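K.L.:
Going by my numbering, the first residue of the sequence shown is number 1, and it counts up by one from there.
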Amino acid sequence: MKIRNAGLEDLPEILKLYEEARAFMQETGNATQWGSSYPPAQLVEADIREGKSYVCEADGVLAGVFYFSEGPDPDYAEIYEGSWIGTGAYHVMHRVAAPGRVKGAGSFSIRWCAEHSQGDLRIDTHRNNLPMQHVLGKLGFETCGIIHLADGDERIAFEICT
Numbered sequence: 001m002k003i004r005n006a007g008l009e010d011l012p013e014i015l016k017l018y019e020e021a022r023a024f025m026q027e028t029g030n031a032t033q034w035g036s037s038y039p040p041a042q043l044v045e046a047d048i049r050e051g052k053s054y055v056c057e058a059d060g061v062l063a064g065v066f067y068f069s070e071g072p073d074p075d076y077a078e079i080y081e082g083s084w085i086g087t088g089a090y091h092v093m094h095r096v097a098a099p100g101r102v103k104g105a106g107s108f109s110i111r112w113c114a115e116h117s118q119g120d121l122r123i124d125t126h127r128n129n130l131p132m133q134h135v136l137g138k139l140g141f142e143t144c145g146i147i148h149l150a151d152g153d154e155r156i157a158f159e160i161c162t
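(1) Between the stretch 114-127 and the stretch 37-45, are three or more C-beta pairs nearer than 8 Å?
(2) If you run the structure through DSSP and keep just helix, strand and coil, what is residue 53?
(3) From this set, 115, 78 and 90, which residue's C-alpha is nearest residue 3's C-alpha?
(4) Say whether the stretch 83-92 touches the stretch 144-161, bearing in mind that this needs 3 or more beta-carbon pairs closer than 8 Å, one atom from each stretch.
(5) Since residue 64 is in the alpha helix (DSSP H), which residue starts that stretch and which ends it?
(6) Return the first residue and the last residue of the beta strand (DSSP E) that residue 97 is part of.
(7) Identify, in the order they occur along the chain, each residue of the same chain with its Cβ nearer than 7 Å to the Cβ of residue 39, setting aside the five sequence neighbours on each side.
(8) Across the stretch 100-113 and the stretch 72-79, are there enough close Cβ pairs to call them in contact, namely three or more that are closer than 8 Å?
(9) Taking 7 Å as the threshold (beta carbon to beta carbon), is residue 128 in contact with chain B?
(10) For residue 5, which of 131, 138, 126 and 65 has the nearest alpha-carbon?
(11) Could you give the uninterrupted runs of the alpha helix (DSSP H) lying entirely in the stretch 98-158, keeping only those of 4 residues or more?
(12) What first and last residue would you give for the alpha helix (DSSP H) that runs through residue 3?
(13) Below 8 Å CB to CB, which residues in the same chain sit around residue 100 once its five sequence neighbours on both sides are set aside?
(14) Within this structure, are the beta carbons of residue 29 and residue 128 separated by less than 7 Å?
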């Protein structure tokens, strides 16, 4: 497997990955985190144009997609019921989708971000996203507390310092 920047030519396949991921989330009891349309195509396209959208590829198959960027992230400015581990610069990973086309693509992508985060990676997920919480725990992330997104939705915040 390899990670590369997503290009606009990848957009149709990326949108299919997100559609498959939403279906998986609904099947595993997490129907509300992304609903039926998140992330919207315009947001994914903006991520690509900004150079912050990445794909995980295996033998020519797009197996996963994610957003990766340097912080700060405004959603992480306040944390409740806990605290962040790191106090300095950090990177963030969002919009992770690895719906099972290639086994291990999600873990591979998260490990890649941890290795490229210059020591501190933050990520969050919905309370009902038990598969993601399991993967993060397996990869050594620590649960840090609760954050609130700009729209008020609550997420469990995780961090790994390498």
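Ideal Cβ positions, reconstructed from N, Cα and C, are used throughout, including at glycine.
Note that this is a predicted model, so its numbers are computed, not measured.
P.N.:
So, from the data block:
(1) no
(2) As a working mapping, residue 53 is identified with position 53 in the sequence shown. Three-state result, residue 53: strand.
(3) Residue numbering aside, residue 3 sits at position 3 when the sequence shown is read from its first letter. Minimum Cα distance to residue 3 is reached at 115.
(4) yes
(5) Locating residue 64 in the sequence shown gives position 64, where the first residue counts as 1. Careful: residue 64 lies outside any alpha helix (DSSP H), inside the beta strand (DSSP E) at 61-70.
(6) For the purposes of this step, residue 97 is identified with residue 97 of the sequence shown, where counting begins at 1. Segment 91-97, the beta strand (DSSP E) holding residue 97.
(7) Indexing the sequence shown from 1 puts residue 39 at position 39. Answer for residue 39: 18 and 95, listed in chain order.
(8) no
(9) In the structure shown, chain B cannot be found, because there is only a single protein chain.
(10) Translated into the one-based positions of the sequence shown, residue 5 becomes position 5. Checked all of 131, 138, 126 and 65; the closest Cα to residue 5 is 65.
(11) 105-115 and 130-138
(12) Here the question's residue 3 lines up with position 3 in the sequence shown. Careful: residue 3 lies outside any alpha helix (DSSP H), inside the beta strand (DSSP E) at 2-5.
(13) Position 100 of the sequence shown holds residue 100. Once the five neighbours on either side are set aside, the close Cβ partners of residue 100 are 20 and 24.
(14) Looking up residue 29 in the sequence shown gives position 29. Looking up residue 128 in the sequence shown gives position 128. Between residue 29 and residue 128, the C-beta gap is smaller than 7 Å, which places the two residues in contact.
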